[in-house]
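Residues 236 to 598 (my numbering) are what the sequence shown spells out, left to right.
The structure under discussion appears below in the form of structure tokens.
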Amino acid sequence: MNMTRLKTTTLCSVPAWSLAALLGLLMSAQSLAVVPHQDAVPAYAEEQTILQIEKDAPEPGWTSPASGKQHDDRHFLLFTAQDGEQNVILQRGGNTWRTLRNGPIATLSGTLLLAVPLLILGFYRLVGPARLDQPESGRQMQRFSAWQRTVHWATAISFLVLAFSGLVLLFGKKVLIPLLGHGAFSWLAIISKYLHNFVGPLFIVCSVLMFITFMWQNLFRRWDWDWVKKGGGLLSHQHVPAGYFNAGEKLWFWGGVVLLGLVMSATGLMLNFVNFGQTRYLLQWADYLHLAGATLYIVASMGHIYIGTLGTPGAYHAMRHGTVDETWAKAHHRYWYDEVKTGRAASVPEQNAPGTAMNTSTG
Ligand code: HEM
């Protein structure tokens, strides 16, 4: 605290040009130093050692297999290679990973995670929700079976647990230690880590069930393009006709549940079960992809949660209780409503097993 104040006072009293000159001097000193520092930001002892060994090593040098050492995936082994990674003591990629993960990746991810909810709030205030034009009829239609709702909520809850615990792991040191102190944060981090490790595989099972349960209703149909061209009527407050799911819901299904689900599952399993001979280099790449996927999946889920609650009154009731008002069905899913009313599709039976709902309605 005192140090910070001292630094601030000192900085303020020194003219900007002298600071710039000092910085320039430091930077040029860095570039001229014996050990090439430029890749080591911040310059950790490990990195320095690697660079020094590389520089001082006699030909053919550590980077050549002829040296008798192994140079693999930017790993530097301090002992002759045996099997696996056990004898990796120094690895340059670790420093690069730490610098990127704690620097630009965390900054970009954090910015998106804060900006998107603000944009959604702005949208809600300026444009408002998709309300019904007609009063509710009072007649209910069955939309989601007990099985569909169970699968949805199991996936949603495990997703939220992973999102919160993952964000504690990513931002905790920077954001939570100043608020909670080291003791409380260490408990929170341990709990988050265990939750993340155990809920991860559960989430994969839920995502597979989700895929089987909802795949057929999410196949794209010709009228979906019209929905996309009209932006789903989100801005115009038009009710663009749609089938059982509209094109926006289908995009969330294929882009989020399927594509991002695959990215998160594959990279998550690589990080969770490190006993299959993955190198550190692969784990670092898995982590980059896991972080990118997590950020996209979480911000996309914010959009999904908004549309499923505040953005479309009646939608949450459907997933909570399984039913919707007929007026709601007609406004938001006209083609599905017509099919149910003309007997071409039954409304979803209350107790259907995975896959059986697919025959009951249009996409
Ligand atoms: C879609 C849901 C998921 C989200 C939002 C998510 C989010 C995150 C985040 C933000 C991190 C922190 C990465 C870092 O600090 O560098 C992380 C780490 C991790 N995740 Fe996930 N994750 C998800 C799914 C999974 C799954 C399905 C698994 C496993 C099957 C998994 C396993 C892991 C592991 C092992 C780590 C490393 C934790 C550590 O630092 O020790 N994650 N996840």
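Don't be surprised by glycine CBs; every beta carbon is placed ideally from N, CA and C.
Task: Length-filtered (3 minimum) beta strand (DSSP E) runs lying within the segment 359-444 - done: 375-377
Task: Those residues which DSSP pairs with Val559 across a bridge - done: On the sequence shown, residue 559 is found 324 positions in, with the first residue counted as 1. Beta-bridge pairing links Val559 to Met376.
Task: Proximal residues to Met445 (C-beta, below 6 Å), its chain only, five neighbours per side dropped - done: The count along the sequence shown starts at 1 and reaches residue 445 at position 210. Taken in chain order, the residues that qualify are Val386, Thr390 and Val492.
Open item on the list: Restricting to runs no shorter than 3 residues, where is the beta strand (DSSP E) found entirely within the segment 533-579?
Closed with: 558-560
Open item on the list: Between His387 and the ligand HEM, is there a pair consisting of the residue's CB and a ligand heavy atom that are separated by less than 7 Å?
Closed with: Start at 1 with the first residue of the sequence shown, and residue 387 comes out as number 152. Answer for His387: no, Cβ out of range of the ligand HEM.
Open item on the list: Considering only heavy atoms of the ligand HEM, does any lie closer than 7 Å to the CB of His431?
Closed with: On the sequence shown, position 196 is the one that residue 431 refers to. Under cutoff, so the answer is yes.
Task: Expected contact under 8 Å - CB spacing of Leu348 and Thr530 to nearest Å - done: Working through the sequence shown from its first residue, we reach residue 348 at position 113. Working through the sequence shown from its first residue, we reach residue 530 at position 295. Contact flag correct, Cβ pair sits at about 7 Å.
Open item on the list: Measuring only the C-alpha atoms, how far is Tyr479 from Trp571?
Closed with: Against the sequence shown, residue 479 aligns to sequence position 244. Against the sequence shown, residue 571 aligns to sequence position 336. Cα to Cα, Tyr479 sits roughly 5 Å from Trp571.
Task: Residue environment, Arg374, which counts as buried when at least 16 other CB atoms sit within 10 Å - done: Counting from one through the sequence shown, the residue named residue 374 turns up at place 139. Burial call: exposed.
Open item on the list: According to DSSP, simplified to helix, strand and coil, what is Leu354?
Closed with: Numbered from 1 along the sequence shown, position 119 holds the residue referred to as residue 354. Correct three-state label for Leu354: helix.
TODO: Could you name the residues of the same chain whose beta carbon sits closer than 6 Å to that of Val351, not counting the 5 residues immediately before and after it, in chain order?
DONE: Taking the first residue of the sequence shown as position 1, residue 351 is located at position 116. Cβ within range, chain order: Val534 and Met537.
- [ ] Determine, using beta carbons only, whether Gln519 and Trp332 come nearer to each other than 8 Å.
- [x] Here residue 519 refers to the residue found at position 284 when the sequence shown is read from its first residue. Here residue 332 refers to the residue found at position 97 when the sequence shown is read from its first residue. Cβ atoms of Gln519 and Trp332: closer than 8 Å.
- [ ] Would you decide whether Lys409 is buried or exposed? Buried here means 16 or more other CB atoms lie within 10 Å of its CB.
- [x] For the purposes of this step, residue 409 is identified with residue 174 of the sequence shown, where counting begins at 1. Lys409 should be labelled exposed.
TODO: Find out if the Cβ-Cβ distance for the pair Gly345, Phe406 is shorter than 8 Å.
DONE: Taking the first residue of the sequence shown as position 1, residue 345 is located at position 110. Taking the first residue of the sequence shown as position 1, residue 406 is located at position 171. The answer is yes: Cβ separation under 8 Å.
Open item on the list: Nearer than 7 Å: is that true of the beta carbon of Tyr516 relative to any heavy atom of the ligand HEM?
Closed with: As a working mapping, residue 516 is identified with position 281 in the sequence shown. Relative to the ligand HEM, the beta carbon of Tyr516 is positioned no closer than 7 Å to any heavy atom.
- [ ] Look at the alpha carbon of Trp458 and the alpha carbon of Met376, and state the distance between them as a whole number of angstroms.
- [x] Along the sequence shown, read from residue 1 onward, the residue named residue 458 stands at position 223. Along the sequence shown, read from residue 1 onward, the residue named residue 376 stands at position 141. Their backbone Cα atoms lie some 23 Å apart in a straight line.
Open item on the list: Among Ser500, Ala341 and Met499, whose alpha-carbon lies nearest the alpha-carbon of Val403?
Closed with: In the sequence shown, counting from the first residue as 1, residue 403 sits at position 168. Of Ser500, Ala341 and Met499, the residue nearest in Cα terms is Ala341.
Task: Option nearest Lys565 by Cα separation, candidates Leu367, Asn337 and Arg360 - done: On the sequence shown, position 330 is the one that residue 565 refers to. Looking at the Cα atoms, Leu367 is the closest of the given residues.
- [ ] With DSSP as the reference, label Gln513 as helix, strand or coil.
- [x] Taking the sequence shown and counting its residues from 1, the one referred to as residue 513 is at position 278. The answer is coil: DSSP assigns Gln513 none of H, G, I, E or B.
TODO: Consult DSSP for Val475 and reduce its assignment to one of helix, strand or coil.
DONE: In the sequence shown, counting from the first residue as 1, residue 475 sits at position 240. Of the three classes helix, strand and coil, the one that applies to Val475 here is coil, per DSSP.
Open item on the list: Are there any heavy atoms of the ligand ZN lying less than 7 Å away from the beta-carbon of Val534, as far as the coordinates show?
Closed with: Absent from the structure shown: the ligand ZN. Ligands present: the ligand HEM.
TODO: Count the other C-beta atoms from every protein chain shown that fall within 10 angstroms of the C-beta of Arg378, then say buried if there are 16 or more, exposed otherwise.
DONE: In the sequence shown, residue 378 corresponds to position 143, counting from 1. Counting C-beta atoms within 10 angstroms of its own C-beta, Arg378 has 16 or more neighbours from the protein chains shown and is therefore classed as buried.
Open item on the list: Taking a contact to mean a Cβ-Cβ separation below 8 Å, would you say Pro364 touches Pro548 in this structure?
Closed with: The residue labelled residue 364 in the question sits at position 129 within the sequence shown. The residue labelled residue 548 in the question sits at position 313 within the sequence shown. In contact: Pro364 and Pro548 (Cβ atoms closer than 8 Å).
Task: Cβ pair Asn453, Phe488 closer than 8 Å - done: On the sequence shown, position 218 is the one that residue 453 refers to. On the sequence shown, position 253 is the one that residue 488 refers to. The answer is yes: Cβ separation under 8 Å.
TODO: With a 10 Å radius around its C-beta and 16 neighbouring C-beta atoms as the bar for buried, classify Asn510 as buried or exposed.
DONE: On the sequence shown, position 275 is the one that residue 510 refers to. It counts as exposed.
Task: Segment limits, alpha helix (DSSP H) that includes Leu494 - done: The residue you call residue 494 lines up with position 259 of the sequence shown. That residue, Leu494, is in no alpha helix (DSSP H); it is neither H nor E in DSSP.
- [ ] Whole angstroms is fine: what's the gap from Gly401's alpha carbon to Gly467's?
- [x] Sequence index remark: in the sequence shown, residue 401 carries index 166 (1-based). Sequence index remark: in the sequence shown, residue 467 carries index 232 (1-based). Each residue's Cα considered, the two are about 32 Å apart.
- [ ] Work out the CA separation of Ile542 and Asp461 for me, nearest whole Å.
- [x] Counting from 1 along the sequence shown, the entry for residue 461 is found at position 226. Counting from 1 along the sequence shown, the entry for residue 542 is found at position 307. Those two C-alpha atoms are separated by around 19 Å.
Open item on the list: Tell me the rounded alpha-carbon separation between Pro436 and His474.
Closed with: As a position in the sequence shown, residue 436 is number 201, starting the count at 1. As a position in the sequence shown, residue 474 is number 239, starting the count at 1. Using only the alpha carbons, I get a separation of about 39 Å.
Open item on the list: Check this for me: beta carbons of Pro370 and Thr562, under 8 Å apart or not?
Closed with: Within the sequence shown, numbered from 1, the residue matching residue 370 stands at position 135. Within the sequence shown, numbered from 1, the residue matching residue 562 stands at position 327. Yes, the pair counts as a contact, with Cβ atoms nearer than the cut-off.
Task: Straight-line Cα distance separating Phe455 from Val362 - done: Against the sequence shown, residue 362 aligns to sequence position 127. Against the sequence shown, residue 455 aligns to sequence position 220. So the two alpha carbons sit approximately 27 Å from each other.
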